[in-house]
Structure formats: C-alpha cells, structure tokens
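Colleague: Mind the numbering: the sequence shown is residues -4 to 244 in the working numbering, read in order. All C-beta atoms in this analysis are idealised placements derived from N, C-alpha and C, irrespective of residue type, glycine included. Please find one structure pasted underneath; my questions will follow.
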Amino acid sequence: MFSNIQRFLPCLLLILLVSGCDLFGGNDDPEEGVVGVSFEHYGNEQIVTLEQSSHQSEAGHSFTVTLLEYIVTDIALTHEDGTVVSLKGSHYVNKDNPDTWTIASITIAPGTYTSLSFRFGIEGSENVFGALERTLAVDNMIWPMMMPMGDGTTERYHYMRFEGRYGTDGTFRIHNGPSGGGDYSFPVSLPIDLEIDGNSETIQVDMHLDQWLTGPNVWDFTDYGMIMGNPGAQALLQANGSTVFAVKN
Ligand SMILES: [Cu+2]
C-alpha cells in the first residue's frame, strides 16, 4: 500500500507540473462572460409594491401604483472601443409578472463596457402591431388605429401603461404611446463600468416612477384623464423620461 503511494506521487506531481497554468486557470487571455439585465421600480427611492406602497408626486399627491407595464427596444451594450453589442431587440416588463423583470443572460466578448442603452417604447416607423414578439401580454399592448387613439392608419403598441390611485379617491391612467401617429419614444443611455473576463453579471436598471411626474414638467394627476389622444401630454412625459432611468453600478 505504502509503496503504491510512493510510486503514484511522483506521477501526480509530474502531471501537475506539465499541465501547469491551465489546470489552475492562470491563463492571461481574457475570457468571454455573460450579462443579463434586470428591471426594478421605485417611487421616491422606495421599491414599488403594486396596490400597497405609497409614493409622492411633485405636484403634491400621494399615489399607489396598480398597473405598470412597458416595452423597451434595442437593448445594447457599448464596448469602450465603440462596438455596440445587441442584447435583445425588444423586451416587455410587467411589474405584476416577475418572469418579465429580467432579460436572460447572453454571452459577450471580454473587455470593458461603458454604457447600457435602449429605447423607451418603439421608434416611430418600427411601431407596427405584430412586429414584436407575439405573446398575449405584448399583443395586449396594442394601440388601436382609430382616432383619437392613433393616426387612423395602423395599429401600433403602447409604450407603457402606468395606472394607480391618488389622494383619497382619484385614479390616474398614464398611457404612453404614439398619439396621433407621433413618435414619443426616446433613447436612454446609462453609463456603466462593466469588466468582462470570464464573469457573469447582471445590470440592474431602475425606473423611478416619481420622475415621470416631474423634471422638467410637473405632472398633476388632476389635469389629465385619458391621454391616448393627447400629443401634448405625450411630449411632456417624453421630456420627463430623461430622468426616469438609472443603473446601479
Ligand atoms: Cu391606452
């Protein structure tokens, strides 16, 4: 028995020496990694819980969120050398369905990535009903062609439905989309500091719901009912959207 070990040990040492660095991962070549994206939703820095959490609008109303669903498109990472890496063409998020809160990880090349970008909503010419993945939830985002909802020519998609209650008995329904056939989607580019070398990372995108209601336009729920036929209201929300998204680094 003892002599068996004596004979075996030198062999084992030789194997370790020959295989050397590779066995212990000391390879200096950077390796590809995987990246996913997750979406979280805040009101005044507090995580939103549907029907429960209470938040404050700049106009002075407390509000509770009852429905939140939206579509983002052209989700991509930008490498420090300028290369743009597409993560997903479009993604539907529903606060009520955890399965929609993440974009599945994809494999990307090693290196440093400096921004995550996407479009809130769907760019004008691409906003044609049926062009996105055909799931019941996505199909349900339909923006009808009939005026005053659309431009009377083509069925499109809502960008977002953000609904809730405010004050003692008020309700609000913020439906973003192509009112009158206009394009009120907007690009979002968020700085990140992401090093990929064999690692697995998730980028968390935060939507700050209170920011839809301010910066630069103070949005008073009492001034707005259904806004699907209101291009002016869509433009205000588009402008406010510039401070809605952030990434935790
Ligand atoms: Cu609507």
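(1) Candidates Lys243, Asp192 and Pro182: which alpha carbon is nearest Ser112's?
(2) State the Cα-Cα distance for the pair Tyr219 and Glu53, rounded to the nearest angstrom.
(3) With a threshold of 7 Å (Cβ to nearest heavy atom), would His170 be considered close to ligand 1?
(4) Under 8 Å, with one C-beta from each stretch per pair, do the segment 203 to 210 and the segment 128 to 135 reach the 3-pair mark?
(5) Relative to ligand 1, is the shortest distance from any of its heavy atoms to the C-beta of Arg156 smaller than 7 Å?
(6) CB of Met223 to nearest heavy atom of ligand 1: below 7 Å?
(7) With three or more beta-carbon pairs closer than 8 Å as the criterion, would you say the segment 95 to 104 touches the segment 154 to 166?
(8) Alpha carbon to alpha carbon, how far is Thr59 from Gly77?
(9) From Gly116 to Glu40, what does the alpha carbon distance come to, in whole angstroms?
(10) Using alpha carbons as the reference points, say which of Tyr152, Gly31, Ile198 and Val242 lies closest to Ser180.
(11) Compute the Euclidean distance between the alpha carbons of Glu27 and Asp69, then round it to the nearest angstrom.
Modeller: Based on what the coordinates show:
(1) Minimum Cα-Cα distance from Ser112 among the listed residues Lys243, Asp192 and Pro182 corresponds to Pro182.
(2) If you take the alpha carbons of Tyr219 and Glu53, they lie about 15 Å apart.
(3) yes
(4) Taking one beta carbon from each stretch, the segment 203 to 210 and the segment 128 to 135 have fewer than 3 pairs nearer than 8 Å; the two do not touch.
(5) yes
(6) Correct: Met223 has its Cβ closer than 7 Å to ligand 1.
(7) no
(8) So the alpha carbons of these two residues sit roughly 41 Å apart.
(9) 23 Å
(10) Considering only alpha carbons, the answer is Tyr152.
(11) So the two alpha carbons sit approximately 22 Å from each other.
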